[in-house]
Amino acid sequence: GENVEQHPSTLSVQEGDSAVIKCTYSDSASNYFPWYKQELGKRPQLIIDIRSNVGEKKDQRIAVTLNKTAKHFSLHITETQPEDSAVYFCAARKTALIFGKGTTLSVSS
Amino acid sequence: DTAVSQTPKYLVTQMGNDKSIKCEQNLGHDTMYWYKQDSKKFLKIMFSYNNKELIINETVPNRFSPKSPDKAHLNLHINSLELGDSAVYFCATATGKTQYFGPGTRLLVL
């Protein structure tokens, strides 16, 4: 089955810096790669996604890149703000979403 | 926020008890899921239903039994609760590939 590895597990940045989270997946048949943000005590919320026929997608300060050949995808957050602090999950989907283990992002002001 | 709802929000119970968690969605989505999030925040899929039919049944103890009475509901019944069942259980629904989570049920087994 699908296996998703996510790095780093924790990430601390200063406000205004960029943050990058990387994921790799194992099943080349996976074709959809969303990113979720989970604040403390809340549900995971979809923030951006990318499909396997696209290499890059951007939405304001967040962007996702996908390298199908290498089977890895990344989340980029620019100009980080304290409210970006949360746990971020990548996922890969063939028949169901399989999640990475999460990255705890801390943005200090 | 009420598009996918779960009850109860919190559940505290003794080992050995049987309990149920309910999920309801008003989005008209065909596919519903149960995920378990443990204390290390790992989100693991348990079950997937499509149009009331079980599609995915991951390696989950048979003490866990999902039931989908109709497309809008997916319930999770747990028999003989164990300490290790303590976690947050999330229901989710999907249309196409996009998946939406319910607010979660925090289960604590004492």
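Just so you know, the sequences run in chain order A and B. Going left to right, the first sequence walks through residues 1407 to 1515 as the numbering used here numbers them. Going left to right, the second sequence walks through residues 13 to 122 as the numbering used here numbers them. Note that the Cβ used here is the ideal one computed from N, Cα and C, for glycine as well.
Sort the options by Cα distance to residue i and report the nearest one.
{"i": "serine 1436(A)", "options": "Ala1476(A), Tyr1494(A), Lys1507(A)", "result": "Ala1476(A)"}
{"i": "threonine 1484(A)", "options": "Gln1466(A), Pro1450(A), Phe1495(A), Ser1424(A)", "result": "Ser1424(A)"}
{"i": "aspartate 1490(A)", "options": "Ser1418(A), Lys1474(A), Thr1471(A), Pro1414(A)", "result": "Ser1418(A)"}
{"i": "threonine 107(B)", "options": "Phe59(B), Asn63(B), Met27(B), Lys48(B)", "result": "Asn63(B)"}
{"i": "arginine 1449(A)", "options": "Ala15(B), Leu120(B), Ile90(B), Leu122(B)", "result": "Ala15(B)"}
{"i": "proline 115(B)", "options": "Gln26(B), Glu36(B), Asn29(B)", "result": "Glu36(B)"}
What distance in whole Å lies between the Cβ atoms of residue j and residue i, which are believed to be in contact at a cut-off of 8 Å?
{"i": "alanine 1497(A)", "j": "valine 1410(A)", "result": "7 Å"}
{"i": "alanine 99(B)", "j": "tyrosine 112(B)", "result": "So it is not a contact: roughly 20 Å between Cβ atoms."}
{"i": "tryptophan 46(B)", "j": "leucine 95(B)", "result": "Rounded, the Cβ-Cβ distance is 20 Å, inconsistent with contact."}
{"i": "threonine 110(B)", "j": "leucine 1472(A)", "result": "17 Å between Cβ atoms; not a contact."}
Just the C-alpha distance for residue i and residue j, rounded to the nearest angstrom, thanks.
{"i": "threonine 1509(A)", "j": "isoleucine 1454(A)", "result": "16 Å"}
{"i": "aspartate 42(B)", "j": "glutamate 1408(A)", "result": "23 Å"}
{"i": "threonine 117(B)", "j": "valine 1470(A)", "result": "30 Å"}
{"i": "threonine 71(B)", "j": "isoleucine 57(B)", "result": "9 Å"}
{"i": "histidine 1482(A)", "j": "serine 51(B)", "result": "26 Å"}
Going by DSSP in three states, residue i sits in which element: helix, strand or coil?
{"i": "glutamate 1489(A)", "result": "helix"}
{"i": "aspartate 97(B)", "result": "helix"}
{"i": "glutamine 26(B)", "result": "coil"}
{"i": "leucine 122(B)", "result": "coil"}
{"i": "valine 16(B)", "result": "strand"}
{"i": "lysine 1448(A)", "result": "coil"}
{"i": "glutamate 1421(A)", "result": "coil"}
{"i": "lysine 56(B)", "result": "strand"}
{"i": "arginine 75(B)", "result": "coil"}
{"i": "alanine 104(B)", "result": "strand"}
Discussion item. Under 9 Å, CB to CB, which of the residues in the region 1442 to 1464 of chain A have a partner in chain B?
Written reply: Tyr1442, Gln1444, Gly1447, Lys1448, Arg1449, Pro1450, Gln1451, Leu1452, Asp1455, Arg1457
Discussion item. For the region 15 to 30 of chain B, list every residue whose C-beta sits within 7 Å of some C-beta in chain A, in sequence order.
Written reply: none
Worksheet item: Just by C-beta distance, which residues in the region 45 to 63 of chain B are closer than 9 Å to chain A?
Response: Tyr45, Tyr47, Gln49, Lys52, Lys53, Phe54, Leu55, Lys56, Ile57, Ser60
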